[in-house]
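Chemist:
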Amino acid sequence: MEHTFSERIIFHIDVNSAFLSWSAVRRLSEDPTCLDLRSVPSAVGGNTENRHGIILAKSIPAKKFGVVTAETVASALKKCPELIIVPPEGETYHKCSDAFMKILRNNCPIVQSISIDEAFMDMSGMGSIFSSPLQAAHAIKDEIKNSLGFTVNVGISSNKLLAKMAGDFTKPDRVHTLFPEEIKEKMWDLPLKELYGIGKSTEAALLSLGFKTIGDAAAADEEYLKRRLGEKSGKWLHKAANGIDEGKVQTDEAPPKGYGNSVTLPEDLTEQNSSLVLEKTLLSLSDSVASRMRRDSFLALTVGVKLKTKDFVTRSRQRTLNKPTSSTDEIFKTAVELFGELWDRRTPVRLVGVFASSLTNEETFQLNMLEGESAFKQREALSKIDAATDEIRERFGKDSILRGSMIDPFVKKD
5 MEHTFSERII FHIDVNSAFL SWSAVRRLSE DPTCLDLRSV PSAVGGNTEN
55 RHGIILAKSI PAKKFGVVTA ETVASALKKC PELIIVPPEG ETYHKCSDAF
105 MKILRNNCPI VQSISIDEAF MDMSGMGSIF SSPLQAAHAI KDEIKNSLGF
155 TVNVGISSNK LLAKMAGDFT KPDRVHTLFP EEIKEKMWDL PLKELYGIGK
205 STEAALLSLG FKTIGDAAAA DEEYLKRRLG EKSGKWLHKA ANGIDEGKVQ
255 TDEAPPKGYG NSVTLPEDLT EQNSSLVLEK TLLSLSDSVA SRMRRDSFLA
305 LTVGVKLKTK DFVTRSRQRT LNKPTSSTDE IFKTAVELFG ELWDRRTPVR
355 LVGVFASSLT NEETFQLNML EGESAFKQRE ALSKIDAATD EIRERFGKDS
405 ILRGSMIDPF VKKD
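Using the working numbering, the letters of the sequence shown map in sequence onto residues 5 to 418.
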């Protein structure tokens, strides 16, 4: 079946091995005779001398040795002793990303960047410029390759989910389609983990129920999935496995300047009741701020607290962290320390707030994430706790799981 621009046509464009490719392009631009990192087992990562840091990106040849993103440099070198590791180049990556996005926007007015190296394009109605969706995809792909020196995959479909799935098919430098009539042939035999948007705990729950493929989930009764996974997750899974997605491609908006949350206490905070109330309130506020940042894929370098006294005097204090974060635990601990510096424990307080600013997206932070193994493992453990909490709340509602110290008899909930 031939598809035309009279239908809804969505592209997903993804740079192949972005950080690695961009480092390779920069090196070749300065010395055309140098080794192309994309052609050999190579990676962008931490320090090879002390074997610290993690792998941020790897070449396709490195992938064949089992090297994976986010594993430690030491682990990657055990798998592939000849692995060439180069440091990240944040400035280069931002320049390449900007040039990549500029080409997309020059070809289509509706572009939604979803990370530093991928975007959706709503190509509906573009028949006056391109002869067909396939011709348009190849034209954009080739323009990026010829102008910028790196390759992309283009996925084409009638919605964002299927376009993203198509873009993740065979790489690199390819164009793939995944329209509704192709789902049975191209998608249903894939393992559950390949379904765009599925979480690890949802995948584990489905595997325990005997589900193995996306097709198994597509064929399951929706009410059964709701009972086993929760109302929201069950409904989403049934629709996604059947290729249904109503999400629109939204043009990029200016990122938020910060995240914050405050609460007016039912009783003024005093030295007498502070041990019961203060930390629980700060934890609840920190969790609210951090979870919204994780939802939007932002990290904050600055954390602050504010208070309002019973006389309506407002005070605040903030601190710049060593590394940006979206961890509930890290924001909470900083908030506790700051509040201890801000409050004299004598003046009654009626409002408490926590805020986070100096935002960066998660991909940008990864460019400079060269911490040692122990620090990385600690950060990773906290990240897993936060991710599990977020997924449970997404499935069962925001109040379905609370950290133990957030259960506070003083602060009443509706």
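Just so you know, even glycine gets a beta-carbon here, dropped at the ideal spot from N, CA and C.
Among HIS16, GLU95, VAL90 and ILE58, which residue has its Cα nearest to the Cα of ALA78?
Modeler: ILE58
Chemist: Answer yes or no: do LEU152 and LEU166 have a C-beta to C-beta separation smaller than 8 angstroms?
Modeler: Not a contact, by the Cβ cut-off of 8 angstroms.
Chemist: Could you tell me which residues DSSP pairs with ILE88 in its beta bridges?
Modeler: ILE88 pairs with SER46.
Chemist: Provide the residue span of the alpha helix (DSSP H) that contains ILE144, from first to last.
Modeler: 137 to 152
Chemist: Would you check whether the ligand ADP has a heavy atom nearer than 7 angstroms to the C-beta of PHE15?
Modeler: With respect to the ligand ADP, the structure shown offers nothing to examine, as it has no ligands at all.
Chemist: So, are the CB atoms of ASP2 and ILE107 less than 8 angstroms apart?
Modeler: Nothing in the structure corresponds to residue 2, since the chain is present only between 5 and 418.
Chemist: Between ALA47, ILE187, ASP18 and THR255, which lies nearest to ALA419 when the distance is taken from Cα to Cα?
Modeler: No answer is possible for residue 419: the residues shown for the chain start at 5 and end at 418.
Chemist: Would you check if the segment 13 to 22 and the segment 159 to 177 touch, i.e. whether three or more CB-CB distances between them fall below 8 angstroms?
Modeler: yes
Chemist: So, are the CB atoms of LEU363 and VAL309 less than 8 angstroms apart?
Modeler: No.
Chemist: Grab me the residues of GLU226's own chain with a C-beta within less than 6 angstroms of its C-beta, minus the 5 sequence neighbours each way, in chain order.
Modeler: HIS242
Chemist: Between LEU60 and VAL48, how many whole angstroms is the CB-CB distance? I'm expecting something under 8 angstroms.
Modeler: 5 angstroms
Chemist: Have a look at TRP192 and HIS7 and give me their C-alpha separation to the nearest angstrom.
Modeler: 21 angstroms
Chemist: Rounded to whole angstroms, what is the Cα-Cα separation between ALA137 and SER128?
Modeler: Here residue 137 turns out to be Pro, not Ala, going by the sequence shown. So the two alpha carbons sit approximately 9 angstroms from each other.
Chemist: For the alpha helix (DSSP H) that PRO65 lies in, which residues bound it at each end?
Modeler: Looking at the DSSP string, the run of the alpha helix (DSSP H) that includes PRO65 is 64 to 67.
Chemist: State the start and end residues of the unbroken beta strand (DSSP E) segment that holds ASN429.
Modeler: Residue 429 cannot be examined here, being either before or after the span of the chain that is shown, 5 to 418.
Chemist: Sort out for me which residues DSSP pairs LEU1 with in a bridge.
Modeler: Only positions 5 to 418 of the chain appear in the structure, and residue 1 is not among them; the question remains open.
Chemist: According to DSSP, is ALA224 part of a helix, a strand, or is it coil?
Modeler: coil
Chemist: Could you check the C-alpha separation between PRO65 and VAL90 for me, to the nearest Å?
Modeler: 15 angstroms
Chemist: Which residues bound the alpha helix (DSSP H) around GLY159?
Modeler: Looking at the DSSP string, GLY159 is not in any alpha helix (DSSP H); the run it does join, the beta strand (DSSP E), is 156 to 161.
Chemist: Are there 16 or more other CB atoms within 10 angstroms of the CB of MET5, so buried, or fewer, so exposed?
Modeler: exposed
Chemist: Around the Cβ of ILE411, are there at least 16 other Cβ atoms within 10 angstroms (buried) or fewer (exposed)?
Modeler: Bear in mind that a pLDDT of 41 at ILE411, under 50, signals an unreliable position, so the number given afterwards is only what the model happens to contain. Exposed: under 16 other Cβ atoms inside 10 Å.
Chemist: Could you spell out the range, first to last residue, of the beta strand (DSSP E) harbouring SER119?
Modeler: 115 to 119
Chemist: Only counting the same chain, and skipping five residues up and downstream in sequence, which positions put a Cβ closer than 8 angstroms to that of SER63?
Modeler: So the qualifying residues of the chain are SER21, LEU24, LEU41, ARG42, SER43, VAL44, PRO45, SER46 and ALA47.
Chemist: Just checking, does the segment 291 to 299 make contact with the segment 310 to 326 on the three C-beta pairs under 8 angstroms criterion?
Modeler: Contact fails: fewer than three Cβ-Cβ distances are below 8 angstroms.
Chemist: Could you check which residue in GLU147, LEU282 and ALA140 has the C-alpha nearest to that of ASP341?
Modeler: In the sequence under discussion, the amino acid at residue 341 is Glu, which differs from the Asp named in the question. For GLU341, the nearest C-alpha among the options comes from LEU282.
Chemist: Nearest by alpha-carbon distance to GLU189: which of PHE69, ILE218 and SER330 is it?
Modeler: Comparing alpha-carbon positions, the option among PHE69, ILE218 and SER330 lying closest to GLU189 turns out to be ILE218.
Chemist: Look at the alpha carbon of ARG31 and the alpha carbon of PRO92, and state the distance between them as a whole number of angstroms.
Modeler: Cα to Cα, ARG31 sits roughly 12 angstroms from PRO92.
Chemist: How would you write the range of the beta strand (DSSP E) that THR206 sits in, first residue to last?
Modeler: No beta strand (DSSP E) contains THR206, which is instead part of the alpha helix (DSSP H) from 204 to 212.
Chemist: What first and last residue would you give for the alpha helix (DSSP H) that runs through VAL77?
Modeler: 77 to 83
Chemist: In the DSSP assignment, find the unbroken alpha helix (DSSP H) run with THR285 in it and report its ends.
Modeler: 278 to 299
Chemist: What separation, rounded to the nearest whole angstrom, lies between the Cα atoms of GLU250 and ARG349?
Modeler: GLU250 and ARG349: Cα-Cα distance of roughly 52 angstroms.
Chemist: So ALA22 is in the alpha helix (DSSP H); what residue range does that whole segment cover?
Modeler: 22 to 34
Chemist: My assumption, with CB atoms under 8 angstroms, is that PHE336 sits in contact with LEU287. Please give the rounded CB distance.
Modeler: 5 angstroms
Chemist: Using the DSSP secondary-structure output, state which residues sit across from ILE14 in a beta bridge.
Modeler: ASP126 and SER161
Chemist: Comparing C-alpha positions only, which one of ALA244, ASP300 and ASN163 sits nearest to GLY201?
Modeler: Per the C-alpha coordinates, the member of ALA244, ASP300 and ASN163 positioned closest to GLY201 is ALA244.
Chemist: Give the C-beta separation of VAL253 and LYS164 to the nearest angstrom, bearing in mind that I take them to be a contact with Cβ-Cβ under 8 angstroms.
Modeler: 7 angstroms
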